[in-house]
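**Q** Structure incoming, see below.
Number of protein chains: 2
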Amino acid sequence: MNISEVARETGLPAKTIRYYEEIGLIKSLRDTNGYRMFRVSDVHKLAFLGRARALGFSIEDCRRLLALYEDQCRASADVKALAEEHLAQIDSKIAQLRSMQATLRELVEECAGDRRPDCPILRDLAKE
Amino acid sequence: MNISEVARETGLPAKTIRYYEEIGLIKSLRDTNGYRMFRVSDVHKLAFLGRARALGFSIEDCRRLLALYEDQCRASADVKALAEEHLAQIDSKIAQLRSMQATLRELVEECAGDRRPDCPILRDLAKE
DNA sequence: GCTTGACCCTCCAGCAACGGGAACCCCCAT
DNA sequence: ATGGGGGTTCCCGTTGCTGGAGGGTCAAGC
Numbered sequence: 399m400n401i402s403e404v405a406r407e408t409g410l411p412a413k414t415i416r417y418y419e420e421i422g423l424i425k426s427l428r429d430t431n432g433y434r435m436f437r438v439s440d441v442h443k444l445a446f447l448g449r450a451r452a453l454g455f456s457i458e459d460c461r462r463l464l465a466l467y468e469d470q471c472r473a474s475a476d477v478k479a480l481a482e483e484h485l486a487q488i489d490s491k492i493a494q495l496r497s498m499q500a501t502l503r504e505l506v507e508e509c510a511g512d513r514r515p516d517c518p519i520l521r522d523l524a525k526e
Numbered sequence: 399m400n401i402s403e404v405a406r407e408t409g410l411p412a413k414t415i416r417y418y419e420e421i422g423l424i425k426s427l428r429d430t431n432g433y434r435m436f437r438v439s440d441v442h443k444l445a446f447l448g449r450a451r452a453l454g455f456s457i458e459d460c461r462r463l464l465a466l467y468e469d470q471c472r473a474s475a476d477v478k479a480l481a482e483e484h485l486a487q488i489d490s491k492i493a494q495l496r497s498m499q500a501t502l503r504e505l506v507e508e509c510a511g512d513r514r515p516d517c518p519i520l521r522d523l524a525k526e
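Chains as they are written, first to last, in the numbering used here: chain A, 399 to 526; chain B, 399 to 526.
What follows is the structure, encoded as structure tokens:
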């Protein structure tokens, strides 16, 4: 399978696939003409990576997840720990965004949004 | 005022202040020895920027906000539009994170987290 | 007057996770 | 032979800084 076919199957851009190879997440064979050749197992790994990325795991987390996936002797506790840590980061990110959201929402509501220059948003930013 | 004093007053790292100057968000005078000298109005602007950044506005948005702030003839509608657009982005970011959070939470809950290799998290990532 | 330490400066590299684009090779159909 | 659609490498740009090297400056203490 060549790269564009794999891209279609996995939903990952070809650029991304090359990048993942470059940083050692996957390996690919080469055809005599220099083209990358992917095996089914490579496609499988790439799809795995795509889903992990979609869940927000960092590349380094993905590397660890892939290693755990390939390790038949893994302990599910290790996977869970990784996921829980990531989940905690998501939680705190959400909390942070929600706080911004609340403040912004308030300010936006208070703002007349007309042609006059007076603006509570700017006033808040410039306060003190 | 020199840079470390401004850093203390605004809560921004000196590096960040230099960076903001480099990209033209603020300007500073120079002392004869080459040291940056900040006026009270510069400190004020930097504090403004710090609060805008804390609300998640991008640097370019901050540049626009600052311009609006300085423009006595601004229309509050312009500020509001900017804030609303940003708010919409925050909303969608939150939605995206919440979706990840929900999936991950479910998977984490299902995972035994013991020494056995079987793991619903990996199974989900590898599905199909 | 000399050293020491705390400042300040500029410039360069790097982070994450790619995306865009140049410059080039390869293969097949017309 | 020429055109179009693959593929390849390599390098720059993104966002918003942060760290560090290598060097000048200043005030205090001896």
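Cβ atoms here follow ideal geometry from the backbone N, Cα and C, with glycine treated the same way.
Can you tell which of Q487(B), A493(B), V477(B) has its C-alpha closest to the C-alpha of D489(A)?
**A** Of the candidates Q487(B), A493(B), V477(B), the one whose C-alpha sits nearest the C-alpha of D489(A) is A493(B).
**Q** Output, in chain order, the set of chain B residues within a Cβ distance shorter than 8 Å of R514(A).
**A** Here the neighbours are A473, S474.
**Q** Got a sec, what are the start and stop residues for the alpha helix (DSSP H) Y467(A) sits in?
**A** Y467(A) -> alpha helix (DSSP H) spans 457 to 468.
**Q** Under 8 Å between the Cβ atoms of R513(A) and A475(B)?
**A** In this structure, A475(B) lies closer than 8 Å to R513(A) by Cβ.
**Q** As a quick exercise: from A452(B), R428(B), D440(B), pick the residue whose alpha carbon is nearest that of V404(B).
**A** Looking at the Cα atoms, D440(B) is the closest of the given residues.
**Q** Among A510(B), H484(B), L505(B), E508(B), which one has its Cα closest to the Cα of A500(A)?
**A** It is H484(B) whose Cα lies nearest to the Cα of A500(A).
**Q** Any beta carbon of chain A sitting closer than 8 Å to that of R461(B)?
**A** So no, R461(B) is outside the interface.
**Q** Using a Cβ cut-off of 7 Å, pull out every chain B residue sitting near L454(A), in sequence order please.
**A** In the sequence as displayed, the identity of residue 454(A) is Gly instead of Leu. Chain B residues near G454(A): M498.
**Q** For D429(B) and R462(A), I'd like the C-alpha separation in whole angstroms.
**A** One C-alpha to the other measures close to 52 Å.
**Q** Kindly list, in the order they appear in chain A, the residues whose Cβ is closer than 7 Å to that of K429(B).
**A** Per the sequence shown, the amino acid found at residue 429(B) is Asp instead of Lys. Those do not exist, as D429(B) stays about 27 Å from chain A at its closest Cβ, beyond 7 Å.
**Q** Alpha carbon to alpha carbon, how far is L453(B) from K525(A)?
**A** Rounded to whole angstroms, L453(B) to K525(A) spans 14 Å at the Cα level.
**Q** List the residues of chain A whose Cβ lies closer than 8 Å to the Cβ of V506(B), in chain order.
**A** Within 8 Å Cβ-Cβ: K478, A481, E482, L485.
**Q** In chain B, which residues lie with their C-beta within 7 Å of the C-beta of G511(A)?
**A** In chain order: S474, A475, K478.
**Q** Excluding the 5 residues preceding and the 5 following M399(B) in the sequence, name in chain order all residues of the same chain whose CB lies nearer than 6 Å to its CB.
**A** F436.
**Q** If the criterion is Cβ atoms closer than 8 Å, does the pair C471(A) and P518(B) meet it?
**A** Not in contact: C471(A) and P518(B) (Cβ atoms no closer than 8 Å).
**Q** CB-CB under 6 Å to A450(A), same chain, minus the five flanking residues each way: which ones, in chain order?
**A** Around A450(A): C460, L463.
**Q** State buried or exposed for Y433(A), treating a residue as buried only when at least 16 other CB atoms are found within 10 Å of its CB.
**A** By the 10 Å Cβ count, Y433(A) comes out exposed.
**Q** Roughly how many whole angstroms lie between the Cα atoms of E507(B) and F455(A)?
**A** E507(B) and F455(A): Cα-Cα distance of roughly 17 Å.
**Q** When you compare the CB of A450(A) with every CB in chain B, is at least one pair closer than 8 Å?
**A** With 8 Å as the cut-off, A450(A) counts as an interface residue toward chain B.
**Q** Could you have a look at L423(B) and say whether DSSP puts it in helix, strand or coil?
**A** In the structure shown, L423(B) sits in coil (DSSP, three-state: anything other than H, G, I, E or B).
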